[in-house]
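Protein chains: 2
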Amino acid sequence: MSAFDDDTRVEAVAANHFAAAVSDRWTALGGPNGGYLLALCVQALRCELPLPDPLAVSAYYLRPATVGPAAVKTEVIRTGRRIATGEARLIQDDREIVRAVASFTDLASLTGRTVALTEAPKLPPPDEAIDVLAGVSFANLTLLDRYDYRMAARPGWMDGRPSGDPRMSFWIRFKDGRAPDPLALVAMVDAAYPAVLEIGEPTSSTVELTVHVRARPAPGWLACRVITRHVIGGYHEEDFEIWDTEGTLVAQSRQLALLTPR
Amino acid sequence: MSAFDDDTRVEAVAANHFAAAVSDRWTALGGPNGGYLLALCVQALRCELPLPDPLAVSAYYLRPATVGPAAVKTEVIRTGRRIATGEARLIQDDREIVRAVASFTDLASLTGRTVALTEAPKLPPPDEAIDVLAGVSFANLTLLDRYDYRMAARPGWMDGRPSGDPRMSFWIRFKDGRAPDPLALVAMVDAAYPAVLEIGEPTSSTVELTVHVRARPAPGWLACRVITRHVIGGYHEEDFEIWDTEGTLVAQSRQLALLTPR
Numbered sequence: 001m002s003a004f005d006d007d008t009r010v011e012a013v014a015a016n017h018f019a020a021a022v023s024d025r026w027t028a029l030g031g032p033n034g035g036y037l038l039a040l041c042v043q044a045l046r047c048e049l050p051l052p053d054p055l056a057v058s059a060y061y062l063r064p065a066t067v068g069p070a071a072v073k074t075e076v077i078r079t080g081r082r083i084a085t086g087e088a089r090l091i092q093d094d095r096e097i098v099r100a101v102a103s104f105t106d107l108a109s110l111t112g113r114t115v116a117l118t119e120a121p122k123l124p125p126p127d128e129a130i131d132v133l134a135g136v137s138f139a140n141l142t143l144l145d146r147y148d149y150r151m152a153a154r155p156g157w158m159d160g161r162p163s164g165d166p167r168m169s170f171w172i173r174f175k176d177g178r179a180p181d182p183l184a185l186v187a188m189v190d191a192a193y194p195a196v197l198e199i200g201e202p203t204s205s206t207v208e209l210t211v212h213v214r215a216r217p218a219p220g221w222l223a224c225r226v227i228t229r230h231v232i233g234g235y236h237e238e239d240f241e242i243w244d245t246e247g248t249l250v251a252q253s254r255q256l257a258l259l260t261p262r
Numbered sequence: 001m002s003a004f005d006d007d008t009r010v011e012a013v014a015a016n017h018f019a020a021a022v023s024d025r026w027t028a029l030g031g032p033n034g035g036y037l038l039a040l041c042v043q044a045l046r047c048e049l050p051l052p053d054p055l056a057v058s059a060y061y062l063r064p065a066t067v068g069p070a071a072v073k074t075e076v077i078r079t080g081r082r083i084a085t086g087e088a089r090l091i092q093d094d095r096e097i098v099r100a101v102a103s104f105t106d107l108a109s110l111t112g113r114t115v116a117l118t119e120a121p122k123l124p125p126p127d128e129a130i131d132v133l134a135g136v137s138f139a140n141l142t143l144l145d146r147y148d149y150r151m152a153a154r155p156g157w158m159d160g161r162p163s164g165d166p167r168m169s170f171w172i173r174f175k176d177g178r179a180p181d182p183l184a185l186v187a188m189v190d191a192a193y194p195a196v197l198e199i200g201e202p203t204s205s206t207v208e209l210t211v212h213v214r215a216r217p218a219p220g221w222l223a224c225r226v227i228t229r230h231v232i233g234g235y236h237e238e239d240f241e242i243w244d245t246e247g248t249l250v251a252q253s254r255q256l257a258l259l260t261p262r
C-alpha cells in the first residue's frame, strides 16, 4: 500500500457518509494540503458514482483542516450514461472544511477528436534535472517527503532573489513509486509552492480550485507547468498543467487564491 | 429596466427558494445560454449572502434548460468576514439543471497587491472595429439581440475557412446600454461562439464553467480574449478573459466542454 492510497482511504459508515482521517503526512506550511483534502472528497465520490474517473472537480475551501478524523458526506446529483455528477463535503468537528462538486466519466472510453495545439514544458530528462529540495526538511511540510521534484534550475526565490516572473516548470512523482492516476492528479495540481513566491510573496491561501483530468497518465514522472498571470487586489489565479512522459496533457487546473496579508 | 435585469429577476417564495423564469431572450442554438442560467443562480445567492460581489462561481451543467418557469434553491454554506459561500440549484420540472457553488466578497474593499503581468487584448477602438454579426439573425439565437460584438477582422469559420487556431478577441457590451457589473460578467464569459469553431467544429456543450470576477468593471465596452489550448478525446477547455476600458482584467473563466459528436 502506498502512502497516498493509505491516506486517502475512506470507509462507508452510513448512506452517503464516509469516515476518513486527515493524515499528518501531507502537510504544507499552513496545515494539510488542499489537493490532498480534495483527493479525500473525490475518493468518497468514486465509491458512490458508477463511472471511474474524475473529469472536472471544483473545490471551495471554507476553513483550514486539521490532522485527525474527518467525515465525507456525499450526494449523487445526476447519473448519466457518459457523465455522473456528485457533491462531497469534508467535515471535521461538525464544521464544513471543503465543499466539492465533481463530474466523473470513463476516460478510457473517450472517442472524440484530439488536436495538438500546444506542447509539454521543456525540461531536461528527470535524471539530469536538479533536486532543488535535496536535504530540505521541515516538520510542518511533510508533503516534501511524499513527492519527488526535479527542476531545470534552482528558482530565484529560494536564494532570496525572486525573479519577478511567477511561473515555473518541474517534474513530479510519488517518492514511494506509486504510479499516477486521475485521483493522484487531483492532489498533484496543488502539490507545488505557489508561483507567486517569484514575486516576493511568502504564501497564499486557496479560495477555489477546479481541476480537469483530461487523460489517464502513463506511469513515471509527470511534467508540470505553473503560471500566475494576474494579481489584483491581493487575489491571484494559478494555472497548473500536468503532462505525462508520452506528451499528453493529463490534467489542467486553475485556482483562485488570496495573498497572505502582511 | 434592462433586459438583463428584467430576465435575471428572482423572487423569494420560501426559505432558500426563489421563483425565476428562464427567458427566451438569451438563447444560443442549443437553448438558453449557460452564462445566463448561471447569472440566475448568482442572482439568488446575492439575495442570501451578506457580501455583494460574486468572486468565484463554479457551475456544473446537468441537463439542457428550457424557456419557462424555474426555481432556484439556495444554501448558505459559510459566512465569513471577507468571503461568504453558498450553493444554488436551478430546477425545472423537478429536475436539476445547474448546480452552482459560489464565493462572494466585496470587490470594492480589496486592499491587497496588484501586479501587472499581462496586457489587455490588442483591438482597434470599438467604433473602428467590425460588427461581424450585422444583419445576422436566427430565431433560436436571441443572444445576438442582447449583446453587441466588435472584432478586428471577420473570423475564418464564418466564411467556411476555419483558421485552425482556436482563439479570438473582441469587444462586447449590452445592446440596450446597461452598464456591466459582476453579475453581467458571469453571463458574458459564456456569451461568445466557441473558439473551437476555428478548428472546424460546429458546436460543443459545457460540462463545467468556473468564473473568477477580479474587479468591478468600468462602464462601457469590454475587451474579451478567448483561447482553447487542448482538445483531447473530444473534450476541450476554453479560457476567457474580460478586460475593461481602463485596462483592468475584470473576469477570467475556464470551461470544460464536449465537442458535439457528429
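Chains as they are written, first to last, in this note's numbering: chain A, 1 to 262; chain B, 1 to 262. Even for Gly, the Cβ is constructed at its ideal location relative to N, Cα and C.
At a Cβ-Cβ threshold of 8 angstroms, A:R95 and A:R63 count as neighbours. The C-beta of B:M151 has 16 or more other C-beta atoms within 10 Å across all chains shown, which makes the residue buried.
By the Cβ test, the segment 241 to 251 of chain B is not in contact with the segment 91 to 105 of chain B, since fewer than three Cβ pairs between them sit closer than 8 angstroms. The segment 33 to 42 of chain B makes no contact with the segment 72 to 90 of chain A; the number of CB pairs closer than 8 angstroms stays below 3. Annotation: A:R146 is outside any beta strand (DSSP E); the continuous alpha helix (DSSP H) that includes it extends over 143 to 146.
Positions of the alpha helix (DSSP H) runs, each at least 4 residues long and wholly inside the segment 100 to 185 of chain A, are given as 143 to 146 in order along the chain. Listed by position along chain B, the residues whose Cβ is nearer than 7 angstroms to that of A:Y60 are T85, V101, S103. CA-to-CA, the gap between B:P182 and A:A179 works out to about 42 angstroms.
Here DSSP, grouped into helix, strand and coil, assigns A:A191 to coil. Linking B:L107 to A:V196 through their CA atoms gives a straight-line distance of about 21 angstroms. Per DSSP, A:G35 is one residue of the alpha helix (DSSP H) stretching across 34 to 48. Using beta-carbon distances, B:G31 does not count as an interface residue toward chain A, since no partner is under 8 angstroms. For the 8 angstroms CB-CB criterion, A:P162 and A:G200 form a contact. Among the residues of chain B, none has a CB under 8 angstroms from the CB of A:I91; the nearest is roughly 12 angstroms distant. From the listed residues A:V226, A:T66, A:E75, the smallest Cα separation to A:F18 is found for A:E75. A residue is called buried once 16 or more other Cβ atoms fall within 10 Å of its Cβ, and B:E119, having fewer, is exposed. Non-local C-beta neighbours of B:V136 in its own chain, meaning closer than 7 angstroms and more than five positions away in sequence, comprise L144, ordered along the chain. With contacts defined as CB atoms closer than 8 angstroms, A:R229 and A:P121 fail to qualify as a contacting pair. DSSP links A:W243 through a beta bridge to A:A223, A:L249.
Distance between B:W26 and B:P126, taken at the CA atoms: about 23 angstroms. Annotation for B:A84: L49, P50, L51, V76, R78, S103, F104, T105 place their beta carbon closer than 8 angstroms to its own, counting only its chain and skipping 5 residues before and after. Between A:Q43 and chain B, the shortest Cβ-Cβ separation is not below 8 angstroms.
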